[in-house]
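**Q**
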Amino acid sequence: MKPNNLNSVIAPRTGTSMPVSMPELRAFTVVAFYDDLSDALRTKTVFERLKCTLTPFVFVNTFAWSFQQLESPEVRSQASHAMITAGMVVIASHARQLPYGGIDHWLESCLVEHSPGGPLLVVLDGGIGSSRNERELRSSMRDFAARKGTRFINDEEFDQEITPASALQWVRSQPASSFAVNPMSALRTARVPRHFGIND
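Counted from 1, the sequence shown has number 179 at position 198 by the numbering used here; the numbering is strictly sequential.
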């Protein structure tokens, strides 16, 4: 796979050759949904950072779909399956609300099937907002995470929380449900359409 592919698996850099089928290796799956090209590129940057930061300790699977692609029932089915084992769900949009009506209800229905606690929800909205005047998207997703009982972080918190210095501690702090034993299982069941030339 090309290294810049948004949807890929990166093996841990352990210094030794380790087959991906080894059962003791864990996979951390990140599923992202983005709005337009700028949000897609921000998602790509986040994926690359996660791979560089976490791959010494876990496999990193990444999958990304645009909100427009989610209008297809087939795509929604693929995304739903990937979300079942996701340790992180990324919402990337500069819109004040989630694009395309009903996406929030679809997300909630998908997370019902997730293990208790749910994945970490990350909202990338350009880092705009304050404690008194948050953007509507960030505020609604924070409320969504509270209802689900899952953690929520925004742009700024993501940049502060996931760093090379804190990577091992961060991995250890995640619930067991955030990781899959078989790193390749999600790749066999999710097909991601090309969009903006970033899923080639």
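Just so it is clear, CB atoms sit at the ideal spot from N, CA and C, and this is done for glycine as well.
Does DSSP put residue 56 in a helix, a strand or coil?
**A** Stepping through the sequence shown from its first residue, residue 56 is reached at position 75. Correct three-state label for residue 56: helix.
**Q** So, under 8 Å CB-CB, residue 8 and residue 24 are touching, yes? Tell me the CB distance rounded to an integer number of Å.
**A** Residue numbering aside, residue 8 sits at position 27 when the sequence shown is read from its first letter. Residue numbering aside, residue 24 sits at position 43 when the sequence shown is read from its first letter. About 19 Å; that fails the 8 Å criterion.
**Q** Please report the distance separating the alpha-carbon of residue 111 from that of residue 122.
**A** On the sequence shown, position 130 is the one that residue 111 refers to. On the sequence shown, position 141 is the one that residue 122 refers to. Because the pLDDT of residue 111 is 46, which lies under 50, any placement of that residue in the model is unreliable, and the number read from its coordinates should be weighed accordingly. Computed Cα separation, rounded: 15 Å.
**Q** Residues bridged to residue 12 by DSSP?
**A** The residue labelled residue 12 in the question sits at position 31 within the sequence shown. Residue 12 pairs with 44, 70.
**Q** Considering only C-alpha positions, which residue in the set 155, 30, 72 is nearest to residue 20?
**A** Working through the sequence shown from its first residue, we reach residue 20 at position 39. Ranking the options by Cα distance to residue 20, first place goes to 72.
**Q** Kindly list the residues whose CB is nearer than 6 Å to the CB of residue 2, restricted to its own chain and excluding five residues on each side of it in sequence; keep chain order.
**A** Numbered from 1 along the sequence shown, position 21 holds the residue referred to as residue 2. Low confidence applies to residue 2: its pLDDT is 40, below 50, so where it sits in the model is not reliable enough to give any reading.
**Q** What residues in its chain sit with their C-beta under 8 Å from that of residue 142, if we drop five residues either side in the sequence?
**A** By 1-based counting over the sequence shown, the position of residue 142 is 161. Closer than 8 Å at the Cβ level, and outside the excluded window around residue 142, lie 134, 151.
**Q** Quick one: what's got a C-beta closer than 8 Å to residue 148's C-beta in the same chain, skipping five residues either side?
**A** Within the sequence shown, residue 148 is the residue found at index 167, counting from 1. Excluding residues within five positions, the ones whose Cβ falls inside 8 Å are 34, 35, 37, 38.
**Q** Here's the rule I'm using: 16 or more other beta-carbon atoms within 10 Å means buried, otherwise exposed. How should residue 68 be labelled?
**A** Numbered from 1 along the sequence shown, position 87 holds the residue referred to as residue 68. Buried, because 16 or more other Cβ atoms sit within 10 Å of the Cβ of residue 68.
**Q** Would you tell me roughly how many angstroms separate the C-alpha atoms of residue 45 and residue 29, rounded to the nearest one?
**A** Translated into the one-based positions of the sequence shown, residue 45 becomes position 64. Translated into the one-based positions of the sequence shown, residue 29 becomes position 48. Going from the Cα of residue 45 to the Cα of residue 29 covers about 13 Å.
**Q** Helix, strand or coil, according to DSSP, for residue 143 in the structure here?
**A** If you number the sequence shown from 1, residue 143 lands on position 162. Coil, per DSSP.
**Q** How long is the line joining the alpha carbons of residue 117 and residue 26, rounded to whole angstroms?
**A** By one-based count along the sequence shown, residue 117 stands at place 136. By one-based count along the sequence shown, residue 26 stands at place 45. Approximately 24 Å between the Cα atoms of the pair.
**Q** What's the call for residue 119, buried or exposed, on a 16-neighbour Cβ count within 10 Å?
**A** Reading the sequence shown from its first residue, position 138 is the one you call residue 119. It counts as buried.
**Q** Answer with buried or exposed for residue 43, where buried requires no fewer than 16 other C-beta atoms within 10 angstroms of its C-beta.
**A** For the purposes of this step, residue 43 is taken as the residue at position 62 of the sequence shown. Burial call: buried.
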